[in-house]
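**Student:** Protein chains in written order, with my numbering: chain D, 655 to 1022; chain B, 10 to 104.
So that we are looking at the same thing, I have put the structure below in structure tokens.
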């Protein structure tokens, strides 16, 4: 029985028991990750934000938010991200977060850090989130504050991060790369490291959730992206090691609906925070399990997701694509169609990484 | 205090979910995820801040065909691994 009782901390983990369980959860339609956008209100006005505020709708009440948290826990979800907008703007933020903790959900908070003073950091420490993700838009005030359009926002962020780190909390600094900050990515990483935080860069700017394409104007330029995916920035990128997907063996390109889902401030449920197909409204469903087992819309989404690897195989650079069906649907009206930003980045990765992976066109079907 | 008399209590910050009979436990203070076996999950489910190690062992002995000495050794090792992983906190017995 020693073997049977062994758990990872005893020092004898299997190859990757977490990934095994994750796969089982996905097969049995028990998404482990949920994003709960508790408000779209924000004290920053980044011009490329993907949130679409809909004034026709009312935000969920505190009671409704607590119901969402309980439905998420009852569904068997493990990780809950409280995000926004700026989630700390909700006066009942800690009521919601404490309920998530009471239900044993592993909590992540995505914030801009602007409101995190000593007192707020104390309250966050009490709920002991697994991680606090904070958006860092530049290495200096001129760049960061230009993006947030709030003077002093970088100073507030840095102070907030220090308050959180002083309390031993894990803070991840997340940077969407834009045309305005692309020249500073190395300095941004240095700033993050000086604050004791890992830096995570995202080179993808997407259209707004309502389909408005204005944010795309702020995306990093192709010339920079060529350098970004080259060896020049290998030490800065998260995926420092070049990769190539084995599309022939992939049944699902992303975890939409099977590994993740999202609820917006108005109660609408989506298969992913990035794919805005409404499955239902939380006010109209009794349980998420029931929705997941009976939603025709979800079946449609899962079927589309299953088709994506096959669709990508049709493209020369498909194996290098980071493909989001939600972005595809918003940008070209078809969730399986290669959209310009994904196509461009895949092409650039292919050109930069194929030589590093020692892939010649003759064996391009193989993979690494 | 004898090991058997110890009351086991889960760390209040630990998050967990059971999948296919196995518990996934997130330990935020270590930013770690631990996976328990089926028997480990059964023990974890019995840890409630009130039961002693002896009481938990009695329940496991009723569920599994195992020698008492082996069970004691296994439980001791398992609880030690939970302690090292910061998944438990001290709990005094209520008087």
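Backbone N, C-alpha and C define an ideal beta-carbon position, used for all residues, glycine too.
Here the structure is a predicted model, which is why all the values come from computation and not from measurement.
Between residue 28 of chain B and chain D, is there a C-beta pair that is closer than 8 Å?
**Tutor:** Along the second chain, read from residue 1 onward, the residue named residue 28 of chain B stands at position 19. Yes, contact with chain D.
**Student:** Does the beta carbon of residue 120 of chain B come closer than 8 Å to any beta carbon on chain D?
**Tutor:** The structure shown does not extend to residue 120 of chain B, since chain B is modelled only from 10 through 104, so no value can be given for it.
**Student:** Identify each residue in the stretch 61-76 of chain B for which the Cβ-Cβ distance to at least one residue of chain D is less than 8 Å, and report them in chain order.
**Tutor:** 73, 75
**Student:** Could you list which residues in chain D have their beta carbon closer than 7 Å to that of residue 24 of chain B, in chain order?
**Tutor:** Here the question's residue 24 of chain B lines up with position 15 in the second chain. Correct list: 732, 758, 759, 760.
**Student:** Exposed or buried, what is residue 780 of chain D when buried is set at 16 or more other beta-carbons lying within 10 Å of its beta-carbon?
**Tutor:** One-based indexing of the first chain puts residue 780 of chain D at position 126. Residue environment: residue 780 of chain D is assigned as exposed (fewer than 16 neighbouring CB atoms within 10 Å of its CB, all protein chains considered).
**Student:** In whole angstroms, what separates the C-alpha of residue 735 of chain D from that of residue 948 of chain D?
**Tutor:** Numbered from 1 along the first chain, position 81 holds the residue referred to as residue 735 of chain D. Numbered from 1 along the first chain, position 294 holds the residue referred to as residue 948 of chain D. Whole-angstrom Cα-Cα distance: 25 Å.
**Student:** Which whole-angstrom value describes the C-beta separation of residue 691 of chain D and residue 738 of chain D, a residue pair presumed to lie in contact below a C-beta threshold of 8 Å?
**Tutor:** Residue 691 of chain D sits at position 37 when you count from the first residue of the first chain. Residue 738 of chain D sits at position 84 when you count from the first residue of the first chain. With a Cβ gap of about 6 Å, residue 691 of chain D and residue 738 of chain D count as contacting.
**Student:** Which residue from D:700, D:680, D:800 puts its Cα closest to that of residue 859 of chain D?
**Tutor:** Translated into the one-based positions of the first chain, residue 859 of chain D becomes position 205. Residue D:700 is the option with its Cα nearest to residue 859 of chain D.
**Student:** For residue 828 of chain D, report the span of its beta strand (DSSP E) as first-last.
**Tutor:** Locating residue 828 of chain D in the first chain gives position 174, where the first residue counts as 1. Unbroken beta strand (DSSP E) run through residue 828 of chain D: 825-830.
**Student:** To the nearest angstrom, how far is it from the Cα of residue 933 of chain D to the Cα of residue 835 of chain D?
**Tutor:** Counted from its first residue, the first chain places residue 933 of chain D at position 279. Counted from its first residue, the first chain places residue 835 of chain D at position 181. Distance between the alpha carbons of residue 933 of chain D and residue 835 of chain D is about 36 Å.
**Student:** To be precise: take each residue of the stretch 820-851 of chain D, compare its Cβ to all Cβ atoms of chain B, and keep it if any distance is under 7 Å. Which residues remain?
**Tutor:** 824
**Student:** Label residue 670 of chain D either buried or exposed according to how many other C-beta atoms from any shown protein chain fall within 10 Å of its C-beta, with 16 as the threshold for buried.
**Tutor:** Your numbering for residue 670 of chain D matches position 16 in the first chain. It counts as exposed.
**Student:** Which term fits residue 665 of chain D, buried or exposed, when burial requires 16 or more other beta carbons within 10 angstroms of its beta carbon?
**Tutor:** For the purposes of this step, residue 665 of chain D is identified with residue 11 of the first chain, where counting begins at 1. Bear in mind that the predicted position of residue 665 of chain D carries a pLDDT of just 38, short of 50, making it too unreliable to give a figure here.
**Student:** For the stretch 771-789 of chain D, enumerate the residues whose C-beta is nearer than 8 Å to any C-beta of chain B, in chain order.
**Tutor:** Answer set for the stretch 771-789 of chain D: 782, 783, 784, 785.
**Student:** Using CA atoms only, rank isn't needed, just tell me which of D:840, D:1009, D:978, D:1005 is closest to residue 995 of chain D.
**Tutor:** Within the first chain, numbered from 1, the residue matching residue 995 of chain D stands at position 341. Residue D:978 is the option with its Cα nearest to residue 995 of chain D.
**Student:** Could you tell me whether the stretch 676-686 of chain D touches the stretch 783-793 of chain D, where touching means 3 or more Cβ pairs closer than 8 Å?
**Tutor:** no
**Student:** Restricting to Cα atoms, I'd like to know which of D:771, D:875, D:909 is closest to residue 927 of chain D.
**Tutor:** Stepping through the first chain from its first residue, residue 927 of chain D is reached at position 273. Measuring from the Cα of residue 927 of chain D, the nearest candidate turns out to be D:909.
**Student:** In terms of alpha-carbon separation, which member of D:800, D:821, D:803 lies closest to residue 636 of chain D?
**Tutor:** Nothing can be reported for residue 636 of chain D: it is not among the residues displayed for chain D, which extend from 655 to 1022.
**Student:** For a test of the three-state rule: what should DSSP assign to residue 926 of chain D, helix, strand or coil?
**Tutor:** Within the first chain, the letter at position 272 stands for residue 926 of chain D. Here residue 926 of chain D sits in strand by DSSP.
**Student:** For a contact defined as C-beta to C-beta under 8 Å, what are the partners of residue 688 of chain D on chain B?
**Tutor:** Taking the first chain and counting its residues from 1, the one referred to as residue 688 of chain D is at position 34. Against residue 688 of chain D, chain B offers no close residue; the least beta-carbon distance is about 12 Å (beta-carbon pairs closer than 8 Å).
**Student:** List the whole-angstrom C-beta distance separating residue 770 of chain D from residue 817 of chain D, where the pair is believed to meet the contact cut-off of C-beta under 8 Å.
**Tutor:** Here residue 770 of chain D refers to the residue found at position 116 when the first chain is read from its first residue. Here residue 817 of chain D refers to the residue found at position 163 when the first chain is read from its first residue. Confirmed, Cβ separation roughly 6 Å.
**Student:** Which residue wins for smallest C-alpha separation from residue 24 of chain B, given the options D:698, D:892, D:757?
**Tutor:** On the second chain, residue 24 of chain B is found 15 positions in, with the first residue counted as 1. Of the listed residues, the one whose Cα sits closest to residue 24 of chain B is D:757.
**Student:** Determine the direct distance from the alpha carbon of residue 64 of chain B to that of residue 58 of chain B, and round the result to whole angstroms.
**Tutor:** Taking the first residue of the second chain as position 1, residue 58 of chain B is located at position 49. Taking the first residue of the second chain as position 1, residue 64 of chain B is located at position 55. Rounded to whole angstroms, residue 58 of chain B to residue 64 of chain B spans 12 Å at the Cα level.
**Student:** What's the C-alpha gap between residue 851 of chain D and residue 827 of chain D?
**Tutor:** Residue mapping note: residue 851 of chain D aligns to position 197 of the first chain, counting from 1. Residue mapping note: residue 827 of chain D aligns to position 173 of the first chain, counting from 1. Rounded to the nearest whole angstrom, the CA to CA distance from residue 851 of chain D to residue 827 of chain D is 6 Å.
**Student:** With 8 Å as the threshold, decide whether the Cβ of residue 679 of chain D is near any Cβ in chain B.
**Tutor:** Residue mapping note: residue 679 of chain D aligns to position 25 of the first chain, counting from 1. Judged by the 8 Å Cβ criterion, residue 679 of chain D is in contact with chain B.
**Student:** What residue range is occupied by the uninterrupted beta strand (DSSP E) comprising residue 24 of chain B?
**Tutor:** Here residue 24 of chain B corresponds to residue number 15 of the second chain, with the count starting at 1. It spans 24-28 - the beta strand (DSSP E) in which residue 24 of chain B sits, taken as one unbroken run.
**Student:** With a threshold of 6 Å on Cβ separation, who are the neighbours of residue 883 of chain D within its own chain once the five nearest residues in sequence on each side are excluded?
**Tutor:** In the first chain, residue 883 of chain D corresponds to position 229, counting from 1. Correct list, in chain order: 1002, 1003, 1006.
**Student:** Counting only runs that start and end within the stretch 762-807 of chain D, where is the alpha helix (DSSP H) found for 4 or more residues in a row?
**Tutor:** 772-781, 795-802
**Student:** From residue 17 of chain B to residue 43 of chain B, what does the alpha carbon distance come to, in whole angstroms?
**Tutor:** Taking the first residue of the second chain as 1, we reach residue 17 of chain B at position 8. Taking the first residue of the second chain as 1, we reach residue 43 of chain B at position 34. Distance between the alpha carbons of residue 17 of chain B and residue 43 of chain B is about 18 Å.
**Student:** Near residue 752 of chain D, which residues of its chain fall below 7 Å by C-beta distance, leaving aside the five closest residues on each side in sequence?
**Tutor:** Residue mapping note: residue 752 of chain D aligns to position 98 of the first chain, counting from 1. Within the same chain, residue 752 of chain D has close Cβ partners 781.
**Student:** Expressed to the nearest angstrom, what Euclidean distance is found between the alpha-carbon atoms of residue 871 of chain D and residue 833 of chain D?
**Tutor:** The sequence position of residue 871 of chain D within the first chain is 217, counting from 1. The sequence position of residue 833 of chain D within the first chain is 179, counting from 1. Going by the C-alpha atoms only, they are around 9 Å apart.
**Student:** By the three-class DSSP mapping on this structure, what secondary structure does residue 19 of chain B have?
**Tutor:** On the second chain, position 10 is the one that residue 19 of chain B refers to. Reduced to three states, the DSSP call for residue 19 of chain B is strand.
**Student:** How about residue 44 of chain B: is its C-beta nearer than 8 Å to some C-beta of chain D?
**Tutor:** Translated into the one-based positions of the second chain, residue 44 of chain B becomes position 35. Taking Cβ atoms only, chain D reaches closer than 8 Å to residue 44 of chain B, which makes this a yes.
**Student:** In chain order, what residues of the same chain lie with their CB nearer than 6 Å to the CB of residue 694 of chain D, ignoring the 5 residues before and after it?
**Tutor:** For the purposes of this step, residue 694 of chain D is identified with residue 40 of the first chain, where counting begins at 1. Closer than 6 Å at Cβ, skipping near neighbours: 705, 707, 739, 919.
**Student:** Where residue 31 of chain B and residue 675 of chain D are concerned, what is the direct C-alpha to C-alpha distance, given to the nearest angstrom?
**Tutor:** As a working mapping, residue 31 of chain B is identified with position 22 in the second chain. As a working mapping, residue 675 of chain D is identified with position 21 in the first chain. In a straight line, the C-alpha of residue 31 of chain B is about 8 Å away from that of residue 675 of chain D.
**Student:** Just curious, the alpha helix (DSSP H) that residue 753 of chain D is in, first and last residue?
**Tutor:** Looking up residue 753 of chain D in the first chain gives position 99. Unbroken alpha helix (DSSP H) run through residue 753 of chain D: 747-756.
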